[in-house]
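Notes follow the structure.
Number of protein chains: 2
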Amino acid sequence: MNVGLPKGTRDFGPEELFKRRYIFNTIQKYFELYGYSPIETPSMENLSTLLGKYGDEGDQLLFKVLNNGDYLKKVPGDILADKDSTKATKHLAKRGLRYDLTIPFARYAVMHRNDINLPFKRYQIQPVWRADRPQKGRYQEFFQCDADVIGADSLQYEAECVLLFDQVFAELGLRVDIRINNRKLLSALCQKINAFDQLSSITTAIDKLDKVGFEGVQNILEKEGLSHDQINTIEQYLNAEHLQEIADMFQHEEEGQQGISEINQVYTFLDGKTLQNKLTFDPTLARGLSYYTGAILEVRSSEAEMGSIGGGGRYDNLTALFGGEKLGGMGISFGAERIYDIMEELHLLDKAQMEAPVLILTLDEKYHAYGFDILQQLRAKGIRSDLYPSGAKMKKQMKYANRINARYIMILGPEEWENKEIAIKNMITGKQYNVNIDDAVDIILEKTE
Amino acid sequence: MNVGLPKGTRDFGPEELFKRRYIFNTIQKYFELYGYSPIETPSMENLSTLLGKYGDEGDQLLFKVLNNGDYLKKVPGDILADKDSTKATKHLAKRGLRYDLTIPFARYAVMHRNDINLPFKRYQIQPVWRADRPQKGRYQEFFQCDADVIGADSLQYEAECVLLFDQVFAELGLRVDIRINNRKLLSALCQKINAFDQLSSITTAIDKLDKVGFEGVQNILEKEGLSHDQINTIEQYLNAEHLQEIADMFQHEEEGQQGISEINQVYTFLDGKTLQNKLTFDPTLARGLSYYTGAILEVRSSEAEMGSIGGGGRYDNLTALFGGEKLGGMGISFGAERIYDIMEELHLLDKAQMEAPVLILTLDEKYHAYGFDILQQLRAKGIRSDLYPSGAKMKKQMKYANRINARYIMILGPEEWENKEIAIKNMITGKQYNVNIDDAVDIILEKTE
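The listed protein sequences derive, respectively, from chains A and B. Numbering follows the UniProt record's numbering, with no gaps: position 36 of the first sequence is 36. Numbering follows the UniProt record's numbering, with no gaps: position 168 of the second sequence is 168.
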């Protein structure tokens with residue numbers, strides 16, 4: 001029989017799950033400390049909510065859910081005769097699986113506008129689905145961890161997000177580089193070279209710098225039809241090492257001056273705060289997403305080769321997509337799946353384990369019910385514990401105890417039963433001794449506290 | 001613009017989510033205490049894994065995920081010409097959304113057979129999806145909370161599941177009735193009336209007793225072609241008040257005697273354990289699911305009219321569905337959505353709230369950055385806190401503080417700034433006083449500990 005999982009999806013066993021929880025819980029703890037409140041949105045959204053929000057590629061990568069019932073009935077016959085999948089979709093599927101957490105949040109904010117208070121700070125830790133070609137570290141179902149504040153322009157939130165990244169990664173034990181830039185500088189750059197209508201493609205090209213190097217970016221820009229002069233100015237911008245160089249460059253671009261001022265304000269808010277990781281202004285930082293309009297942030301590990309493990313930025317307007325009032329905001333996202341991979345590599349998750357159980361072994365059905373009594377006494381004291389079903393040979397029971405990582409075992413054999421005793425074995429030290437059966441629970445309690 | 005959610009799906013805001021978490025966390029705590037370990041399976045399974053496992057109705061109610069790319073290409077032309085939705089599905093959709101947690105667990109156990117140790121105790125708290133007609137209390141996306149042990153026959157697990165139900169509901173503050181029966185008794189009943197081939201439909205009919213009364217069941221059984229004598233015997237069984245009556249009835253049915261013996265063994269394990277809720281043997285308990293073969297359990301609220309809020313039972317064989325070795329087991333499920341509704345009705349969730357924040361208000365941009373300093377000091381002490389962006393009128397900021405349920409506010413106004421003080425207001429008592437600005441964080445820390 002064929003048993004398997006859809007490509008790009010995963011089962012998580014207890015060990016992996018505890019490690020994942022440790023990461024999610026740490027992120028969640030700081031989100032809450034910083035005043036963000038959780039929301040959850042449904043896995044399925046109306047396709048009308050999702051389509052057209054992630055570009056053509058995104059529309060392709062959305063998982064669409066087949067309508068129920070006699071779904072073919074409503075599809076026009078000519079579309080079926082032509083086997084025109086593109087045209088058929090809207091007749092076959094009303095719903096799609098969540099592709100990210102940002103668009104559902106914007107939809108949420110518009111729908112619940114009367115219940116939320118601005119500034120509204122929400123975080124969301126939920127899976128998303130993308131029909132991407134699966135490859136190492138890329139899945140069709142994966143978790144995102146987002147925090148956003150909307151309805152507030154203050155740059156205190158940019159500073160807060162830098163501190164959030166800094167503290168979460170410090171607590172996780174990862175050393176990272178946090179980079180900051182401002183989309184207004186990229187905007188000013190395009191104005192300066194009279195190519196403002198190409199802002200989006202120039203941003204996309206610069207975003208590829210890490211992957212293709214400057215020559216690669218140059219090639220893309222040439223293909224976009226930019227002149228040598230224009231490309232030279234872009235190169236000058238990308239090579240700037242200090243904010244002052246950029247400031248000098250954009251003396252006549254108001255948006256550039258504003259971008260500089262915003263970055264400086266963020267630094268002012270951070271004044272006197274001790275960062276545990278490095279924060280660098282990086283004019284080459286562009287971020288792929290189109291909706292950013294102000295500050296942009298990106299985090300990379302200083303210890304492992306692994307793209308971005310966190311990012312975010314300020315946007316002017318997300319909610320207007322859904323006809324709501326214009327609500328700008330600032331949001332960040334932790335790349336939990338990649339963080340997991342790095343932490344595993346660095347053995348930082350080895351201790352994220354479930355409480356090791358105490359296991360009771362009985363050697364005869366005759367006193368198995370007594371073993372069950374002790375079990376319930378242990379549980380009443382809050383000790384994670386279990387009782388191996390009676391009947392198996394001692395060797396088999398011991399093997400099981402080892403496999404489930406029991407920390408103590410309690411053995412009730414014929415001799416112990418005879419003497420009203422129970423044997424206690426510390427599975428780490430291997431030390432074993434008999435105690436009076438009535439004292440057994442208290443002794444375990446003392447040892448496990 | 002049309003903004004909405006697919007029917008039968010819900011958004012959860014912070015308040016609801018904290019209440020839901022309280023329920024999930026309580027259930028999870030006891031699952032872990034009782035030695036169950038968590039797993040998570042993907043939202044999407046191969047349709048071949050899901051189809052045929054939940055009956056014809058279940059197959060209809062499965063959400064199927066449309067294949068990506070040019071999905072119509074592979075559908076035979078005649079199926080499309082006929083608009084034959086039933087035949088088209090297998091060509092259009094390879095994947096479906098998880099319908100319950102049991103079948104994915106069976107698939108998991110077979111796929112990971114070499115990594116798991118028997119008895120294997122797993123719990124799983126995840127959403128499932130059903131294309132059911134939405135109605136009050138019934139959703140298309142909802143959470144299930146399951147615990148199962150497989151690879152062990154011992155009736156200690158039946159007793160353990162009774163205790164789990166008892167303790168979880170006690171901790172949640174709900175009074176419940178736990179009922180127990182054994183499918184072997186229903187099996188013996190059908191043998192006794194020479195209708196063993198109708199076991200499944202008789203079980204289904206008895207399962208409807210609560211809804212349609214005995215006359216309703218009688219009607220169904222008549223339609224199934226049962227004679228008056230047969231129906232009389234069923235009535236005698238359903239009216240039995242004590243286990244002994246059933247034992248007398250099934251003197252010649254070996255399976256009946258075994259069912260009686262199993263129930264008695266469960267009671268023996270429970271001997272001397274103080275249950276906080278009532279446990280009743282109930283021969284009329286049938287449970288809908290077809291795979292149960294031994295003990296069955298059901299839990300109902302004693303305080304609210306609301307079907308079953310927990311249930312479970314023993315099955316001989318789930319994994320064989322996927323070609324694995326035969327692994328029987330015992331599993332239970334908490335009806336978390338209904339538990340939520342009852343607890344809300346009884347106001348038992350009012351205290352399940354997020355930590356109320358401390359909010360800093362500043363009245364001028366001039367000392368707003370200083371407010372941000374205090375904010376980060378509070379956060380460094382682990383106090384959930386926030387800073388209202390500067391510039392708004394005091395009245396507006398106070399309104400916000402009330403709306404987000406701030407427990408303390410700290411106000412930095414011109415006079416305070418002048419005197420190097422800050423005003424602290426307890427939002428519950430209304431008491432307000434000024435303190436030295438350097439002592440403010442320590443004072444808040446002391447008050448909130």
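No residue lacks a Cβ here, since even glycine has one placed at the ideal position from N, Cα and C. Predicted model only: the values in this text are computed from it and were never measured.
Between A147(B) and Y123(B), the CB-CB gap stays under 8 Å. At the C-beta level, E45(A) and R98(A) come within 8 Å of one another.
Between the alpha carbons of Y30(A) and R175(A) lies a gap of roughly 17 Å.
At least one beta carbon of chain A lies nearer than 8 Å to the beta carbon of D70(B).
Using a Cβ distance threshold of 8 Å, L164(B) and Y34(B) count as a contacting pair.
For N426(B), the secondary structure class from DSSP, reduced to helix, strand or coil, is strand. According to the DSSP secondary-structure assignment, T362(B) is paired through a beta bridge with L412(B).
In this structure, N68(B) keeps its C-beta atom at 8 Å or more from the C-beta atom of A88(A). Residues L349, A352 of the same chain have their beta carbon placed closer than 6 Å to that of K19(B), with the five preceding and five following residues left out of the count. For E32(B), the chain A residues whose C-beta falls within less than 8 Å of its own C-beta are M354, E355, R384, listed in chain order. Residue pairing from DSSP places W129(A) in a beta bridge opposite E141(A). Here the C-alpha atom of A205(B) lies approximately 38 Å from the C-alpha atom of K64(A).
E355(A) and L318(B) have their alpha carbons spaced roughly 29 Å apart.
Looking at the DSSP output, D439(B) sits in no beta bridge, so it has no partner there. For E45(A), the enclosing beta strand (DSSP E) stretches over residues 44–46. No Cβ of chain B is located within less than 8 Å of the beta carbon of A392(A). Residue-level contact check: F334(B) does not touch chain A, since none of the beta carbons of chain A fall below 8 Å from its beta carbon. CA-CA distance, G8(A) to P42(B), rounds to 10 Å. The Cβ neighbour count for T280(B), taken over all protein chains shown within 10 Å, is under 16; the residue is labelled exposed. Taken in chain order, the whole beta strand (DSSP E) runs of length 3 or more contained in the segment 361–398 of chain A are 385–387.
With the rule of 3 Cβ pairs closer than 8 Å, the segment 334–344 of chain A counts as touching the segment 299–306 of chain A. Contacts with chain B at 8 Å (Cβ-Cβ) include Q376(A).
Unbroken alpha helix (DSSP H) stretches of 4 residues or longer found wholly inside the segment 225–269 of chain B: 228–239, 243–249, given in chain order. For chain A, the residues of the segment 399–429 of chain B that bring a beta carbon within less than 8 Å of one of its beta carbons are Y400, R403, I404, in chain order. Here DSSP, grouped into helix, strand and coil, assigns F12(B) to strand. Non-local beta-carbon contacts of L118(B) in its own chain, meaning distances under 6 Å to residues more than five positions away in sequence, involve G151 in chain order. In its chain, beyond the 5 residues on either side, L359, I360, L361, T362, Q397, Y400, A401 have a beta carbon closer than 8 Å to the beta carbon of Y388(A).
In terms of beta-carbon proximity, Y108(B) lines the interface with chain A, with at least one pair separated by less than 8 Å.
Taking the Cα of Q265(A) as reference, the smallest distance to any Cα among I220(A), I374(A), E158(A) is reached at E158(A).
Classified as exposed, R403(A) has fewer than 16 neighbouring CB atoms from the shown chains inside 10 Å of its CB.
CA-to-CA, the gap between D59(A) and L199(A) works out to about 22 Å. With its beta carbon less than 8 Å from one in chain B, H112(A) belongs to the interface. According to the DSSP assignment, G213(B) belongs to the alpha helix (DSSP H) that extends over 209–223.
Three or more beta-carbon pairs separated by less than 8 Å are not found between the segment 283–290 of chain A and the segment 374–394 of chain B, which leaves the two stretches without contact. Any Cβ of chain B closer than 8 Å to the Cβ of L445(A) would place that residue at the interface, and such an atom is absent.
C-alpha of P76(A) to C-alpha of D82(B): approximately 12 Å in a straight line.
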